[in-house]
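Counting the sequence shown from 1 gives a position; our numbering is that position plus 1367. Backbone N, C-alpha and C fix where the C-beta goes; we use that ideal spot for every residue, glycine too. Quantities reported herein were computed from a predicted structural model and do not represent experimental measurements. Before any comments, here is the structure.
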Amino acid sequence: MSPNPHPLPTWLARGMADLFPEGDLLDPDQSLAARFEQAEADQRPLRVKLGIDPTGSDIHLGHSILFRKLRAFQDAGHTAVLIIGDFTARIGDPTGKSVTRVQLTSEQVEANATTYLRQLGQGQPKEQALLDFETPGRLEVRRNSEWLEDLGLPQVIGLLGTTTVGQMLAKDDFAKRYGSGSPIALHEFLYPLLQGYDSVAVNADVELGGTDQKFNVAMGRDLQRHFGQRTQFGLLLPILVGLDGVQKMSKSLGNTVGIEEDSLSMYSKLEKVSDAAVDDYLMLLTDLAHDSLPANPREKQQMMALAVTASRYGLEAAQKAQADAALLVSGASDAEAVVPEVSLADVNFPAKAFYLLSAVGLCASSSEARRQIKGGAARLEGEKITDPHLEFVSAKELEGKVLQLGKKTFKRLVR
């Protein structure tokens, strides 16, 4: 076999799980590397699509994998087309769901979208942001209500006519639900078609997605072909395993690291990532070269935690977080100044321990707080809290004390 005449650049190939199509290496419709070369010859940046449905308000490191790759395209001179799925979010992506999703209002979706854009770096210097919002021509932010809201019934029927029920049921999630007798609402079949139509609307050259999005990305190719457009390439990235080392990173599972967590919390969580997951975190969340990594697993964990934290807060802040985490673990008295503060202003006293953990944000709910306390994970000033109903009379008795959850989360209580 002859060598590939158009090798993919390292920044693009890093962490890639799937790329399709992969056909004739000389054909820019079958080889992404050949399309790169053609675009360079034409002095035309590629249009790289990433669609996000703002069905929640928080972005975690699992989400950031796709945004990091999109930023890499920006830095290479291409145009990132970030599609805010304000219309499709009202349907809800059925991927990975065993039941029909609850539909959101347009007001809920817009509030989430505003929060997403802020977390991605809107209004921030590009050096501190996940995406480059500053450089002209590097980013288009589009809402798919621009083109989907005005689709008339004849056009919707036309979209539905491009695929069959059999093709839809070939989608793994639909197949499982159909096989188990779980209801599938008809509007859910529209989701892949509408997401695919987004690719037509923005004339995408490349679409980024997780490995669970292959069906939807391929639908975009089908619809571009149907409408006489040049078809996009699908570039899929792995799903990041969460802090538990077992299931995908998901807020509902409580195994996430939020991109807006303070540097100490971020570092403390990341340096506890399981040995089996560290290599994936290094590959997907850092730019560290494999041959620069230490052989010692503990040193590798710490290097990964430092690099990821530095990518969000800078090396100096990451190094301080690393030092502070070591102080907290050792129980050193001079750790007093390093713990992030959390206000007791919104806590209603007298307050029971389970309510306190929930009210200050260490636990997502009171029921989770009860479980954590019963499991021995909660400490106040280093002393284990054993009774979920332990009562604190006023904020005064808690002021200045450190509340700890597990080995990763520390908060100093202030009034």
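What span of residues does the alpha helix (DSSP H) with residue i cover, start to end?
i: isoleucine 1740; result: 1733-1741
i: valine 1569; result: 1553-1569
i: alanine 1744; result: Premise fails: alanine 1744 is in no alpha helix (DSSP H) and is neither H nor E.
i: isoleucine 1524; result: 1520-1527
i: glutamine 1410; result: Glutamine 1410 -> no alpha helix (DSSP H), and no H or E assigned at all.
i: serine 1549; result: Taken as a continuous stretch (DSSP letters only), serine 1549 belongs to no alpha helix (DSSP H), as it is neither H nor E.
i: alanine 1308; result: The structure shown does not extend to residue 1308, since the chain is modelled only from 1368 through 1782, so no value can be given for it.
i: leucine 1379; result: 1377-1380
Do you know whose CA, among the options, lies nearest residue i's CA?
i: threonine 1377; options: Leu1655, Pro1661, Glu1766, Ser1732; result: Leu1655
i: aspartate 1579; options: Gly1490, Pro1605, Ala1496; result: Pro1605
i: valine 1569; options: Gly1612, Ser1630, Leu1603, Glu1507; result: Glu1507
i: phenylalanine 1454; options: His1554, Asp1691, Phe1721, Ala1674; result: His1554
i: glutamate 1766; options: Glu1748, Asp1754, Lys1774; result: Glu1748
i: alanine 1585; options: Ala1537, Ser1630, Ser1619, Lys1618; result: Ala1537
i: methionine 1535; options: Tyr1558, Glu1474, Lys1719; result: Tyr1558
i: aspartate 1539; options: Lys1581, Asp1442, Glu1758, Leu1498; result: Lys1581
i: glutamine 1495; options: Lys1768, Asp1517, Arg1679; result: Arg1679
i: aspartate 1691; options: Ala1662, Lys1751, Ser1630; result: Ser1630
i: threonine 1653; options: Ala1662, Lys1636, Ala1400, Thr1676; result: Thr1676
To the nearest angstrom, how far is it from the Cα of residue i to the Cα of residue j?
i: leucine 1590; j: tyrosine 1545; result: 25 Å
i: phenylalanine 1440; j: alanine 1447; result: 7 Å
i: alanine 1762; j: leucine 1487; result: 35 Å
i: leucine 1723; j: valine 1714; result: 7 Å
i: glutamate 1683; j: glutamine 1689; result: 10 Å
i: glycine 1773; j: phenylalanine 1721; result: 15 Å
i: glutamine 1771; j: serine 1632; result: 11 Å
i: aspartate 1701; j: alanine 1693; result: Confidence at aspartate 1701 is low in this model, with a pLDDT of 48, below 50, so its placement is unreliable and no value can be given for it.
i: threonine 1753; j: serine 1733; result: 15 Å
i: arginine 1485; j: glutamine 1491; result: 8 Å
i: alanine 1744; j: cysteine 1730; result: 11 Å
i: threonine 1482; j: leucine 1393; result: 43 Å
i: histidine 1430; j: glycine 1528; result: 33 Å
i: alanine 1456; j: glycine 1625; result: 21 Å
i: glycine 1519; j: glutamate 1501; result: 36 Å
i: proline 1550; j: glutamate 1513; result: 31 Å
i: arginine 1411; j: alanine 1644; result: 38 Å
i: alanine 1384; j: glycine 1612; result: 19 Å
i: glutamate 1389; j: arginine 1438; result: 23 Å
i: glycine 1533; j: arginine 1592; result: 20 Å
i: proline 1521; j: leucine 1417; result: 27 Å
i: lysine 1719; j: serine 1725; result: 10 Å
i: aspartate 1396; j: glutamate 1407; result: 15 Å
i: alanine 1704; j: valine 1769; result: Residue placement at alanine 1704 is poorly supported in this model, since its pLDDT is 49, which falls under 50; the coordinates are not used for a value here.
i: alanine 1401; j: threonine 1531; result: 33 Å
i: tyrosine 1634; j: alanine 1380; result: 27 Å
Do residue i and residue j have their CB atoms nearer than 9 Å?
i: phenylalanine 1777; j: proline 1707; result: yes
i: leucine 1515; j: leucine 1561; result: yes
i: glutamate 1627; j: isoleucine 1426; result: yes
i: leucine 1386; j: phenylalanine 1403; result: no
i: aspartate 1565; j: isoleucine 1450; result: yes
i: leucine 1673; j: glutamine 1686; result: yes
i: phenylalanine 1600; j: valine 1567; result: no
i: leucine 1660; j: valine 1640; result: no
i: lysine 1436; j: leucine 1575; result: yes
i: glycine 1444; j: leucine 1651; result: no
i: leucine 1607; j: aspartate 1646; result: no
i: arginine 1588; j: aspartate 1572; result: no
i: alanine 1712; j: arginine 1782; result: yes
i: methionine 1616; j: glutamate 1638; result: no
i: arginine 1510; j: glycine 1452; result: yes
i: aspartate 1391; j: serine 1398; result: yes
i: alanine 1736; j: proline 1755; result: yes
i: valine 1709; j: glycine 1728; result: yes
i: aspartate 1642; j: glutamine 1614; result: no
i: leucine 1498; j: threonine 1422; result: no
i: asparagine 1479; j: serine 1547; result: no
i: isoleucine 1432; j: glycine 1563; result: no
i: leucine 1428; j: threonine 1623; result: yes
Let's see if you can read the secondary structure: which residues bound the beta strand (DSSP E) around residue i?
i: lysine 1778; result: 1776-1781
i: glycine 1587; result: Taken as a continuous stretch (DSSP letters only), glycine 1587 belongs to no beta strand (DSSP E), being part of the alpha helix (DSSP H) at 1581-1593.
i: arginine 1509; result: 1506-1510
i: isoleucine 1451; result: 1446-1451
i: phenylalanine 1387; result: 1385-1387
i: glycine 1576; result: 1573-1577
i: lysine 1416; result: 1414-1419
i: valine 1532; result: No beta strand (DSSP E) holds valine 1532; the alpha helix (DSSP H) holding it covers 1532-1536.
i: leucine 1772; result: 1769-1772
Which complete alpha helix (DSSP H) runs does the stretch 1649-1701 hold, if anything under 4 residues is left out?
1664-1680, 1682-1697
Segments assigned alpha helix (DSSP H), at least 4 residues, entirely inside the stretch 1467-1499:
1473-1487
What are the complete alpha helix (DSSP H) segments, minimum 4 residues, inside the stretch 1593-1645?
Counting whole runs of 4 or more residues, the stretch 1593-1645 contains the alpha helix (DSSP H) stretches 1630-1637.
With a floor of 3 residues, list each beta strand (DSSP E) that falls wholly inside the stretch 1707-1736, ordered by position along the chain.
1708-1710
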